[in-house]
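Colleague:
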Amino acid sequence: MKINNQITADIQFIGSCIQRTKISNNIIRLDDDAVREFGIDIDVPEIERNESLALIGIVNLGIIVNVKDKKNNKKTKIDILIQGCFSSANPELSEDKFKAMLYINGGSALYSIARSFICNISANIYESGKLLLPMINIIEFIKEKIKEEKQAKPKAASEQLDKTTKNN
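Residue numbers for the sequence shown follow the working numbering, beginning at 1 and rising by one.
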């Protein structure tokens with residue numbers, strides 16, 4: 001099937017770079033019973049419209065993976081930050097819609113890159129075994145992130161109020 005502009009998305013991937021990689025490890029062989037945990041965060045720190053009215057946006061994806069081998073008291077920690085750049089040539093696309101696309105489409109694209117990176121790195125740091133992060137539903141992740149941020153804002157505001165009243 002020939003692909004034309006009728007089915008291309010309003011968001012396009014420009015490129016990505018790994019901004020940070022921190023690895024600490026003292027596990028030699030990754031066993032199936034090792035406890036694996038991971039955390040993820042997606043942020044859109046920057047959106048701008050250039051002179052040709054194209055939107056350009058940056059997405060940061062951070063992942064921390066912790067592995068614990070309890071029987072040998074060993075652990076692995078992998079902390080990465082990947083930054084991706086995305087664009088839209090549609091001059092009618094609003095910044096809010098583009099921002100939503102950056103979180104969902106951009107976050108999905110970068111998560112795929114991060115999964116591959118972590119799988120490859122872990123295959124090289126262990127004598128046997130590797131880490132394969134699960135597929136995740138980015139839309140559900142974003143919904144949870146928004147919910148957590150809404151719950152944190154009143155708490156942050158009340159903490160600020162407490163600090164202000166204590167100083168007076």
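Where a beta carbon is used, it is the ideal one built from N, C-alpha and C, also for glycine.
I'd like to confirm the pairing. Which residues does DSSP put opposite LEU61 in its beta bridges?
Modeller: Looking at the DSSP assignment, LEU61 forms a beta bridge with ILE42, ILE82.
Colleague: Here's a check: name, in chain order, each residue in its chain whose Cβ is nearer than 7 Å to the Cβ of ASP43, leaving out the five neighbours to either side.
Modeller: Excluding positions up to five away in sequence, the list reads ASN60.
Colleague: Please report the straight-line C-alpha distance between GLN12 and PHE86, rounded to a whole angstrom.
Modeller: Taking the straight line from one Cα to the other gives about 5 Å.
Colleague: Count the other CB atoms within 10 Å of the CB of ILE18; is the residue buried (16 or more) or exposed (fewer)?
Modeller: Exposed is the call here.
Colleague: Can you name the start and end residues of the alpha helix (DSSP H) that SER16 belongs to?
Modeller: It is not in any alpha helix (DSSP H) - SER16 instead sits in the beta strand (DSSP E) that spans 12-25.
Colleague: Which term fits GLN83, buried or exposed, when burial requires 16 or more other beta carbons within 10 angstroms of its beta carbon?
Modeller: That one is buried.
Colleague: Just to confirm, are SER128 and ARG29 a CB contact at a threshold of 8 Å?
Modeller: Yes, the pair counts as a contact, with Cβ atoms nearer than the cut-off.
Colleague: Leaving out five residues before and five after GLU148 in sequence, what residues of the same chain have Cβ atoms less than 7 Å from its Cβ?
Modeller: If we look at GLU148 and ignore the five residues flanking it on each side, it has no Cβ neighbours.
Colleague: For GLY57, count the other beta carbons within 10 Å of its own beta carbon; 16 or more makes it buried, fewer makes it exposed. Which is it?
Modeller: When all chains shown are included, GLY57 counts as buried.
Colleague: Would you give the residue range spanned by the alpha helix (DSSP H) that ASP96 belongs to?
Modeller: Looking at the DSSP string, the run of the alpha helix (DSSP H) that includes ASP96 is 95-101.
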